[in-house]
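Protein chains: 2
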Amino acid sequence: MNLEHALTSQLARARIGGRALALASTEQKNQILVEIKHKLFSRADDIIAANQNDLTEARHVGLNNAMLDRLTLDRARITSIARGVETVAALPDPVGETIARWKRPNGLEIIQTRVPIGVVAIIYEARPNVTIDAAILCLKAGNAVVLRGGKEALATNRVLVEVMAEALRSAGLATDCVAFIDTPDREAIQILKRRPDLVDLIIPRGGKSLKAALAGSEVPVLPHFDGICHTYVDRSADLKMAEEICFNAKCSRPSVCNAMETMLVHRAVADKFLPAIAQRMVAAGVELRGDRDTCTIIPGAREATEADWDTEYLDLILAIKVVDSVDEAIDFISRHGSRLADAIVTEDQETARRFEREIDSATVYVNASTRFTDGFEFGFGAETGISTNRLHARGPMGLRELTTYKYVIHGDGQIR
Amino acid sequence: MNLEHALTSQLARARIGGRALALASTEQKNQILVEIKHKLFSRADDIIAANQNDLTEARHVGLNNAMLDRLTLDRARITSIARGVETVAALPDPVGETIARWKRPNGLEIIQTRVPIGVVAIIYEARPNVTIDAAILCLKAGNAVVLRGGKEALATNRVLVEVMAEALRSAGLATDCVAFIDTPDREAIQILKRRPDLVDLIIPRGGKSLKAALAGSEVPVLPHFDGICHTYVDRSADLKMAEEICFNAKCSRPSVCNAMETMLVHRAVADKFLPAIAQRMVAAGVELRGDRDTCTIIPGAREATEADWDTEYLDLILAIKVVDSVDEAIDFISRHGSRLADAIVTEDQETARRFEREIDSATVYVNASTRFTDGFEFGFGAETGISTNRLHARGPMGLRELTTYKYVIHGDGQIR
Numbered sequence: 002m003n004l005e006h007a008l009t010s011q012l013a014r015a016r017i018g019g020r021a022l023a024l025a026s027t028e029q030k031n032q033i034l035v036e037i038k039h040k041l042f043s044r045a046d047d048i049i050a051a052n053q054n055d056l057t058e059a060r061h062v063g064l065n066n067a068m069l070d071r072l073t074l075d076r077a078r079i080t081s082i083a084r085g086v087e088t089v090a091a092l093p094d095p096v097g098e099t100i101a102r103w104k105r106p107n108g109l110e111i112i113q114t115r116v117p118i119g120v121v122a123i124i125y126e127a128r129p130n131v132t133i134d135a136a137i138l139c140l141k142a143g144n145a146v147v148l149r150g151g152k153e154a155l156a157t158n159r160v161l162v163e164v165m166a167e168a169l170r171s172a173g174l175a176t177d178c179v180a181f182i183d184t185p186d187r188e189a190i191q192i193l194k195r196r197p198d199l200v201d202l203i204i205p206r207g208g209k210s211l212k213a214a215l216a217g218s219e220v221p222v223l224p225h226f227d228g229i230c231h232t233y234v235d236r237s238a239d240l241k242m243a244e245e246i247c248f249n250a251k252c253s254r255p256s257v258c259n260a261m262e263t264m265l266v267h268r269a270v271a272d273k274f275l276p277a278i279a280q281r282m283v284a285a286g287v288e289l290r291g292d293r294d295t296c297t298i299i300p301g302a303r304e305a306t307e308a309d310w311d312t313e314y315l316d317l318i319l320a321i322k323v324v325d326s327v328d329e330a331i332d333f334i335s336r337h338g339s340r341l342a343d344a345i346v347t348e349d350q351e352t353a354r355r356f357e358r359e360i361d362s363a364t365v366y367v368n369a370s371t372r373f374t375d376g377f378e379f380g381f382g383a384e385t386g387i388s389t390n391r392l393h394a395r396g397p398m399g400l401r402e403l404t405t406y407k408y409v410i411h412g413d414g415q416i417r
Numbered sequence: 002m003n004l005e006h007a008l009t010s011q012l013a014r015a016r017i018g019g020r021a022l023a024l025a026s027t028e029q030k031n032q033i034l035v036e037i038k039h040k041l042f043s044r045a046d047d048i049i050a051a052n053q054n055d056l057t058e059a060r061h062v063g064l065n066n067a068m069l070d071r072l073t074l075d076r077a078r079i080t081s082i083a084r085g086v087e088t089v090a091a092l093p094d095p096v097g098e099t100i101a102r103w104k105r106p107n108g109l110e111i112i113q114t115r116v117p118i119g120v121v122a123i124i125y126e127a128r129p130n131v132t133i134d135a136a137i138l139c140l141k142a143g144n145a146v147v148l149r150g151g152k153e154a155l156a157t158n159r160v161l162v163e164v165m166a167e168a169l170r171s172a173g174l175a176t177d178c179v180a181f182i183d184t185p186d187r188e189a190i191q192i193l194k195r196r197p198d199l200v201d202l203i204i205p206r207g208g209k210s211l212k213a214a215l216a217g218s219e220v221p222v223l224p225h226f227d228g229i230c231h232t233y234v235d236r237s238a239d240l241k242m243a244e245e246i247c248f249n250a251k252c253s254r255p256s257v258c259n260a261m262e263t264m265l266v267h268r269a270v271a272d273k274f275l276p277a278i279a280q281r282m283v284a285a286g287v288e289l290r291g292d293r294d295t296c297t298i299i300p301g302a303r304e305a306t307e308a309d310w311d312t313e314y315l316d317l318i319l320a321i322k323v324v325d326s327v328d329e330a331i332d333f334i335s336r337h338g339s340r341l342a343d344a345i346v347t348e349d350q351e352t353a354r355r356f357e358r359e360i361d362s363a364t365v366y367v368n369a370s371t372r373f374t375d376g377f378e379f380g381f382g383a384e385t386g387i388s389t390n391r392l393h394a395r396g397p398m399g400l401r402e403l404t405t406y407k408y409v410i411h412g413d414g415q416i417r
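Note that the protein sequences, when read in sequence, are chains E and S. So for the first sequence, my numbering puts the first residue at 2; every next one is plus one. So for the second sequence, my numbering puts the first residue at 2; every next one is plus one.
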């Protein structure tokens, strides 16, 4: 009840702060960002000290090395976050952009204009860099932001939010525009999701339990959930290219949503392609799980179960299936994929066109790695996350995806 | 349980039908529409006979005249629906449109392409014309549609859905692309809202009880709910123009969401403006409810309560308030409006720019009636409804708003 009261009042202040921010000039918003950049450097010692406290506590509770690494902020990482802030400051302001403009026969002029969403809540996990990255994107797009980070990074996040509050203050805007939820338990999420009057959008970046916690949300949710990505190696593929693409998609960073989980190989090239890629994958520590045909060609592969086709490993494990045609590949991906990122490797133009047309995923690749599904790689200059939603924003999100629009209509007395 | 089983199977078939429809050519989709138009004429007698049954039943249960009128389909209305189908057939196909296209320094070509949403469910009330209007828009945008109309129009809707099924069949597409829920009780809505795997979007067109029924939906909802619209008559307004605009906004069709519910008048012109508009409104049967200042100027007005400022009358009632400035008007609208459509009447450019910038509504008018918030009036050639949502689509919805996008990325072996 106390949490509910405190959080509601914080959200109400964010709503009011957001109204002023929505009308702020580009210069004012950029000033905030530049101030944040400066203060990241001037307060680096405080940030690192707080981070050391978080790390001590994290080691104490037994976090694994990968998690400890994600949690760590050193001087180099702070510099890299500050460079990101600089990049976003230099991006064009999406707010106020005219999306379309037309005149009606009755003389009405209709102007579709880009405007901020309002109050955006971001729920994320251990990585403290998200605290700055997500907030500055929201601020630049004119949105107030509500941050709910992982409990592991609590001390670090508190200092980072102080840095942003100081920057807001020095630009003459309310510190309420960045609302930080200081009590990272799940109860806060339950309160957030019941307040569509105070929060316009929730962006969750996390796994299955976060998805469950948000079930039945009355606030629209733009999820960043799972990626079960496929690469289909066609009969006409350049097999050397296919090997590079598949190896990259699986091994360059197996723990992320755009990594390949399942590889489909056309029967006509399976005998030639599979042994080579298998050798390379196994050397890199990848466990292979295949259908019967695959296991015949790669004796070291374990036989896959039905569950394998629907699993997001996020690990050095790869499911492999031999298929008879592009149709079978398309059908398989439609049934087992998560519609985030899927690729075909082929030299056949017609097969490529069929695949890109019929695969219903946020990003469909011809002759490239699924790992490019990312805001930076798309050239958005920033990374809000990768939406697994179908509406409003799909795939990599940039500044524009943090806005909506309104229509302004100019008349001279028109009535209907 | 039986309903759940039957409905789930119907939705699953709509999903499959939708996949084929999503890939249908423009010609194929237009052929369906042209067939529907022909069959509306050739089966007009059946439609009218079924409608007579609905009307008999409706009179029997005591529906009021306004409802009976909405329910009625005669030859003239069928012709008008058929003309609407013709119009939509002639509209450009949004599917396949390239929204943006750019090349990355690494040679990747990124193509943002418009694609259908998938399966769209529309929940509406008595008017049987919506059955055709909504379905053809979904079909043209490549979506399968699930229709859940009012129980009053059940017999009529059955024939209309038959007409569409015949047209789909003759174009070689599955009749499942138009799924009609034959049991119009609220239980069907509860099933729909729990199936994000089978339904991609729910568009509810109705009132408060429908809103409540959809609370906690797991399927994204694009609501078409209430409109509390304002017109602010500024001190610099052309008062003759203001009178025409206000009269039109209130009286041309008081039962719709874009009708004016509250009129704000600057104090400097209240003495002059209010008596004239009051006389005209009262003559048209409008009940006036005003703040104290208004009641002093219009002795016949009833004193408004706080509740009046937050009420969507949908009737010949108007709330009136005298304000001291455009700031007060903007603040009042921000607190009491529903962010659908609000207007200012002013000859002052600077005041107009402030109003259109600071009013956060889907449609903001300068010197025109709020009644233009409508797909036809916007020139969309069709009317899917008027979204009161903030994300994905805001305000009048056309064909484009029934689509989403995906990215197709062409490479020649790029890895990350």
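Glycine included, every Cβ here is placed at the ideal spot set by N, Cα and C.
One Cα belongs to S/G63, the other to S/T57, and the distance between them is close to 10 Å. A residue is called buried when at least 16 other Cβ atoms come within 10 angstroms of its Cβ; S/K322 meets this threshold and is buried. Under DSSP, S/T405 shares a beta bridge with S/V116.
Within the same chain, and ignoring the five residues on either side of E/R254 in sequence, the residues whose Cβ sits closer than 8 Å to its Cβ are A260 and R372.
A Cβ-Cβ separation of about 6 Å places E/K30 in contact with E/L140 under the 8 Å criterion.
Between E/A50 and E/V146, the alpha-carbon positions lie close to 25 Å from each other. Using a Cβ distance threshold of 7 Å, E/V346 and E/A243 count as a contacting pair. Interface criterion met: the Cβ of E/I416 is under 7 Å from a Cβ in chain S. Below 8 Å, too few C-beta pairs join the stretch 341-361 of chain E and the stretch 311-325 of chain E to call them touching: fewer than three. Less than 7 Å separates the beta-carbon of E/L74 from that of E/N52.
The continuous stretches of alpha helix (DSSP H) do not include E/P300, and DSSP gives it neither H nor E. In this structure, DSSP gives E/E5 a helical state, which the three-state scheme calls helix.
Going by beta carbons, E/I203 and E/A142 fall outside the 7 Å limit. Taking C-alpha positions only, E/R102 is separated from S/R102 by approximately 21 Å. Listed in chain order, the alpha helix (DSSP H) runs fully inside the stretch 166-244 of chain E are 187-193 and 209-214, counting runs of at least 4 residues. Contact note: E/E219 reaches chain S through A216 and G217, using a C-beta cutoff of 8 Å and chain order. Taking CB atoms only, E/D201 has a neighbour in chain S less than 7 Å away.
Identification of chain S residues near E/E288 by a Cβ-Cβ cut-off of 8 Å yields none; the smallest Cβ-Cβ distance measures about 21 Å. Residues of chain S with a Cβ closer than 9 Å to the Cβ of E/G119 are, in chain order, D361 and R391. Straight-line spacing of the CA atoms in S/A45 and S/G19 works out to 28 Å. Counting along the chain, S/D134 sits inside the alpha helix (DSSP H) bounded by residues N130 to K141. Boundaries of the alpha helix (DSSP H) around S/K30: T27 to S43. Close CB contacts of S/F248 within its chain, under the 8 Å cut and outside five residues either way in sequence, are with I278, R281, M282 and A285 (chain order). Think of a sphere of 7 Å around the beta carbon of E/I229: no beta carbon from chain S falls inside it, the nearest being about 15 Å out.
Annotation for S/H337: no beta strand (DSSP E) segment contains it, though the alpha helix (DSSP H) segment containing it runs V327 to H337.
In the DSSP assignment, S/I278 falls within the alpha helix (DSSP H) that extends over R268 to A284.
Remark: fewer than three beta-carbon pairs, one from each stretch, lie closer than 8 Å, so the stretch 5-23 of chain S and the stretch 128-139 of chain E are not flagged as touching. Within the stretch 241-275 of chain E, those residues whose Cβ lies closer than 7 Å to any Cβ of chain S are, in chain order, M242, E245, I246, N249 and S253. Around the Cβ of S/Q350, a 10 Å sphere holds fewer than 16 other Cβ atoms; the residue is exposed.
Listed in chain order, the non-local C-beta contacts of E/V270 below 6 Å within the same chain comprise R236, local neighbours out to five positions each way being set aside. Nearest in C-alpha terms to E/R187, of all of E/S171, E/A213, E/A175 and E/V164, is E/A213.
Interface criterion not met: the Cβ of S/R293 is under 7 Å from no Cβ in chain E.
The Cβ of E/K407 sits closer than 7 Å to at least one Cβ of chain S. Contact residues of the stretch 365-387 of chain S toward chain E are V365, Y366, V367, N368, A369, S370, R372, F373, T374, D375, E378, F379 and G380 (C-beta to C-beta distance below 9 Å). For S/N368, the enclosing beta strand (DSSP E) covers residues T364 to A369. Separation of E/D134 and E/V257 (C-alpha to C-alpha, rounded to the nearest whole angstrom) is 18 Å.
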